[in-house]
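Undergrad: Right, I'll just put the structure down here and ask away after.
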Amino acid sequence: MKSKNRVIKVARVLSKLMSDREGIKVTVSGSTAYSCGGRINIPFGDFTDPDYVSMTHGYIDHEIGHEKHTSFSINFKSKLHSNLCNIFEDARMEKLVGSEYPGAKLNLEKLVLIAIKKGLFSEPVSSDNPLSLVLTYCLYKGRVLGAGNLCLDQYAEQALAYLKATYDNNFIDSLTEIVHGITNTRSTRDCADMAWKVIELMKSTDEEEQEEPENGDDSDDSESDEQSDDEQSDDEQSDGEQSDGEQSDGEQSNGEQSDGEQSNGEQSNGEQSDDEQSNGEQSNGEQSDGGQSDGEQSDDSSTDTNGNEASAEDQENGDQTSRIIKSVIDAIEDDNIEVPDFHEMIAEELRREAENFSPSEDDSELRDIFSNTLPVTTKWREMGLPFNNPELIPSAGKAVYRTLHRALIDDTEELNGFRNRGRKLSSKKLVGSVLGDDRIFKTPVIENELSAAISILIDASGSMAGGYQEIANAVALAMSKGLQSLQVKNEIGFYSSEMCLYIAKPFNQQYIDEKRFQVCSDLYTPSGEAMKSALMRLNRQSEDKKCLFLVTDGEPSCPGSFIEALELAKILGISIAVLGVGMTRDNIEGLDNKYFTNVECVSNLKSALSKIVKSNIF
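Just so it is clear: in the sequence shown, position 615 is 626 by my numbering, and no numbers are missing.
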């Protein structure tokens with residue numbers, strides 16, 4: 012391979028992306044990002060680009076959240092209902108993922124920042140239609156409150172401010188109350204209920220607009236032409252200004268009233284003549300003060316030009332608001348609104364960047380290496396296969412401890428001890444000798460430093476039946492016990508085509524459950540695929556020394572994948588050794604002979620490990 016440093020960097024990035032995904036297989040292939048049936052695929056792009064890497068990390072964690080926490084059995088009432096529910100569900104499940112997986116919270120936060128950087132999340136503008144602003148507010152505020160994406164709060168508040176130009180305070184208060192309820196959601200159903208409340212709130216606004224004129228005192232719908240003198244109550248008349256029967260609604264039109272037809276009390280302040288009244292200044296049934304409609308006269312109104320112009324402007328604005336709200340309702344009823352989905356936006360961005368990336372020959376080779384891996388699970392199917400000679404396991408564990416102790420532990424010296432005998436004097440301690448302290452000699456103190464992580468893979472294919480599986484299970488348990496006593500981080504996994512890669516003991520688990528090591532054999536031997544998955548999990552550990560032990564009875568089902576696994580191990584700097592169980596051959600093709608040895612029984616484990624240790628595998 013050319014450009015070794017770059018290849019190693021890419022390989023390590025990919026190994027982290029494709030590991031520790033319990034029950035979910037992560038693949039790297041093609042130019043499309045997608046999630047389907049327990050599998051997440053990310054396209055092969057420029058994995059040396061930090062933004063691209065962050066997007067892939069965030070995308071995987073996002074999709075894992077849906078796989079684990081989202082219910083797909085909800086019956087939605089409309090497309091908008093489904094899309095709006097997804098907005099809230101994204102925020103709810105991302106919070107859960109962030110608390111469950113180490114680093115996932117940071118990955119998802121980086122993803123949001125990249126979405127802002129690339130314009131996928133953007134600041135709302137005043138020209139956005141109200142429906143878009145409502146959805147924007149739900150998206151951003153939902154993420155602020157649910158997922159903790161505080162960087163979006165400014166956008167959310169801006170969207171809310173623009174909404175106030177269309178909706179009244181009651182609507183704004185109701186909307187904020189609904190969205191703030193995301194902190195109390197416990198399921199996808201709760202998010203669906205929230206989404207429907209928002210839709211009902213927007214639809215109810217149109218009904219309120221229709222009801223308001225019927226109940227309002229200042230409405231033009233109740234024209235004076237439709238109201239007779241007999242229908243006018245005393246409450247609708249100003250004090251002494253209009254007597255019963257003097258004037259009907261239909262008797263006075265714009266500009267038709269003379270001074271003689273109007274009593275002293277009927278004209279405001281007595282200051283306005285017929286010539287001072289224009290058609291535009293006095294509407295049907297409006298008299299003197301300008302606030303009288305249908306026989307009603309208000310003392311607070313004014314008939315001056317500015318007042319009438321303001322009234323006309325308010326009416327025009329009101330009509331425009333009504334039209335806008337009506338258009339929102341129509342859009343909801345048509346249900347043809349396109350609501351951008353966060354998953355789809357990131358998937359499209361990954362696709363675009365992958366298509367613009369021109370892979371080198373090295374990249375293509377790496378892509379092939381990561382093409383076939385086994386999904387990981389910790390779920391054990393209880394079968395109870397007995398151990399071969401279980402009484403030998405404790406002694407075999409101690410043998411593992413003694414054999415690997417010197418090979419795995421680095422000795423470091425620190426001059427942090429003082430004694431009354433030695434070769435090097437401490438000038439600082441000489442002062443204390445006058446007071447009787449005779450510890451004046453520096454003494455090197457040796458500290459043992461452990462920095463190793465080991466993964467043990469056990470073949471559980473059908474060919475291991477007939478006693479070989481019992482031996483392999485006992486070897487795995489003995490090695491785990493020995494490494495645990497040595498305080499070496501270790502992981503034990505069993506693999507076959509049926510069980511995939513089953514982790515009996517993860518790296519971060521101290522307790523060893525012996526029952527989880529009693530595994531039965533089935534089907535074929537995907538050694539290479541299992542090794543790739545184990546290598547990527549091993550690569551995530553921070554220890555300096557890393558080694559993978561493969562316990563198997565023969566050749567892998569796919570030799571090509573096995574060779575790819577050996578190449579991946581070389582790139583990642585991880586040693587591989589094979590412990591053969593019931594093998595007649597002295598090696599597996601592609602593996603260095605010095606890292607291979609047979610184990611005929613668990614009591615033979617010490618000598619087998621000694622041979623591998625002597626080959627300087629660590």
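No residue lacks a Cβ here, since even glycine has one placed at the ideal position from N, Cα and C.
Helix or strand or just coil, what does DSSP make of S586?
TA: Of the three classes helix, strand and coil, the one that applies to S586 here is strand, per DSSP.
Undergrad: If you check the beta carbons only, do F505 and I469 fall under 7 Å apart?
TA: Result yes, Cβ atoms of F505 and I469 sit closer than 7 Å.
Undergrad: Give the secondary structure of F182 by DSSP, where H, G and I count as helix, E and B as strand, and everything else as coil.
TA: Three-state result, F182: helix.
Undergrad: Is it buried or exposed for N501, if we count other Cβ within 10 angstroms and need 16 for buried?
TA: Result: buried.
Undergrad: Cα separation between V123 and A407?
TA: Their Cα atoms are separated by approximately 52 Å.
Undergrad: Taking the C-alpha atoms as reference points, what is the distance between V18 and D555?
TA: Taking the straight line from one Cα to the other gives about 20 Å.
Undergrad: Spell out a yes or no on whether the region 170–179 and the region 129–145 are touching, meaning 3 or more CB-CB pairs, one atom from each, closer than 8 Å.
TA: A contact exists between the region 170–179 and the region 129–145.
Undergrad: Can we say the region 571–586 touches the region 377–391, given the rule of at least three CB pairs closer than 8 Å?
TA: Touching, per the Cβ criterion.
Undergrad: What do you reckon, are the CB atoms on D599 and V613 nearer than 7 Å?
TA: The displayed chain sequence assigns Ile, not Asp, to residue 599. No; because the gap between Cβ atoms is not below 7 Å, this pair is not in contact.
Undergrad: Which residue from A471, L494, N519 and N367 puts its Cα closest to that of L461?
TA: Closest by alpha carbon: L494.
Undergrad: With a cut-off of 8 Å, do at least 3 Cβ pairs link the region 180–195 to the region 124–135?
TA: As far as the Cβ criterion goes, the region 180–195 does not touch the region 124–135, which means the pair count is below three.
Undergrad: Would you mind stating whether S474 and D603 have Cβ atoms separated by less than 7 Å?
TA: Not closer than 7 Å, so no.
Undergrad: Contact defined as beta carbons within less than 8 Å: I believe L579 pairs with A22. What is the distance between those atoms, to the nearest angstrom?
TA: So it is a contact: roughly 7 Å between Cβ atoms.
Undergrad: Give me the Cα-Cα distance between K106 and S198, rounded to the nearest whole angstrom.
TA: Cα to Cα, K106 sits roughly 12 Å from S198.
Undergrad: Hey, quick one: how far does the beta strand (DSSP E) through E502 stretch, first residue to last?
TA: Its beta strand (DSSP E) spans residues K500 to S507.
Undergrad: Between which two residues does the alpha helix (DSSP H) containing C47 stretch?
TA: Careful: C47 lies outside any alpha helix (DSSP H), inside the beta strand (DSSP E) at Y45 to C47.
Undergrad: Whole angstroms are fine: how far does the CA of A485 sit from the CA of V610?
TA: V610 and A485: Cα-Cα distance of roughly 11 Å.
Undergrad: Let me check understanding here. Comparing Cα to Cα, which of A418, M356, W391 and T608 lies closest to P517?
TA: Among A418, M356, W391 and T608, the Cα nearest to that of P517 is on W391.
Undergrad: Is I404 closer than 7 Å to L488 when the C-beta atoms are compared?
TA: Yes, the pair counts as a contact, with Cβ atoms nearer than the cut-off.
Undergrad: Can you list the beta strand (DSSP E) stretches of 3 or more residues lying completely in the region 44–122, in chain order?
TA: Segments of the beta strand (DSSP E) lying fully in the region 44–122: 45–47 and 50–53.
Undergrad: Looking at T43: is its Cβ nearer than 7 Å to the Cβ of I53?
TA: No, the Cβ-Cβ distance between T43 and I53 is not below 7 Å.
Undergrad: Within 10 Å of its beta-carbon, does E344 have 16 or more other beta-carbons around it, so buried, or fewer, so exposed?
TA: So E344 counts as exposed.
Undergrad: Among the candidates S40, V39, Y45 and R50, whose CA atom is the shortest distance from the CA of P2?
TA: Residue 2 lies beyond the stretch modelled for the chain, which goes from 12 to 629, so this question has no answer here.
Undergrad: Is it right to say T59 is buried, meaning 16 or more other beta carbons lie within 10 angstroms of its own, or is it exposed?
TA: So T59 ends up on the exposed side.
Undergrad: Going by DSSP in three states, S626 sits in which element: helix, strand or coil?
TA: Three-state result, S626: coil.
Undergrad: In terms of residues, what are the limits of the beta strand (DSSP E) holding V24?
TA: Not the beta strand (DSSP E): V24 falls in the alpha helix (DSSP H), residues K15 to L28.
Undergrad: Pull up the distance between the alpha-carbon of G593 and that of T389, whole angstroms please.
TA: Each residue's alpha carbon lies about 27 Å from the other.
Undergrad: If you draw a straight line from the alpha carbon of T81 to that of D352, how long is it in whole angstroms?
TA: C-alpha separation (whole angstroms): 15 Å.
Undergrad: Alpha helix (DSSP H) containing L470: first to last residue?
TA: In the sequence under discussion, the amino acid at residue 470 is Asp, which differs from the Leu named in the question. Note, D470: premise wrong, no alpha helix (DSSP H); beta strand (DSSP E) at A463 to D470.
Undergrad: Leaving aside the five residues before and after C96 along the sequence, list all residues of the same chain whose C-beta is less than 6 Å from its C-beta, in chain order.
TA: So the list reads C202, A203 and A206, once near-sequence residues are dropped.
Undergrad: Please confirm whether M104 and M547 have their CB atoms less than 7 Å apart.
TA: Result no, Cβ atoms of M104 and M547 do not sit closer than 7 Å.
Undergrad: Confirm the yes/no value for this check: CB of A170, any heavy atom of the ligand FMN, distance under 6 Å.
TA: Of ligands this structure carries none, so the ligand FMN is not represented either.
Undergrad: Count the other CB atoms, across all protein chains shown, that sit within 10 Å of the CB of Q288; report buried if there are 16 or more and exposed otherwise.
TA: Low confidence applies here, because Q288 scores a pLDDT of 43, under 50, leaving its location unreliable and the question unanswered by this model.
Undergrad: Helix or strand or just coil, what does DSSP make of A176?
TA: Coil, per DSSP.
Undergrad: Round the Cβ separation of N118 and G153 to the nearest angstrom and send it over; I've been treating them as touching at under 8 Å.
TA: The pair is not a contact, with the Cβ atoms about 19 Å apart (cut-off 8 Å).
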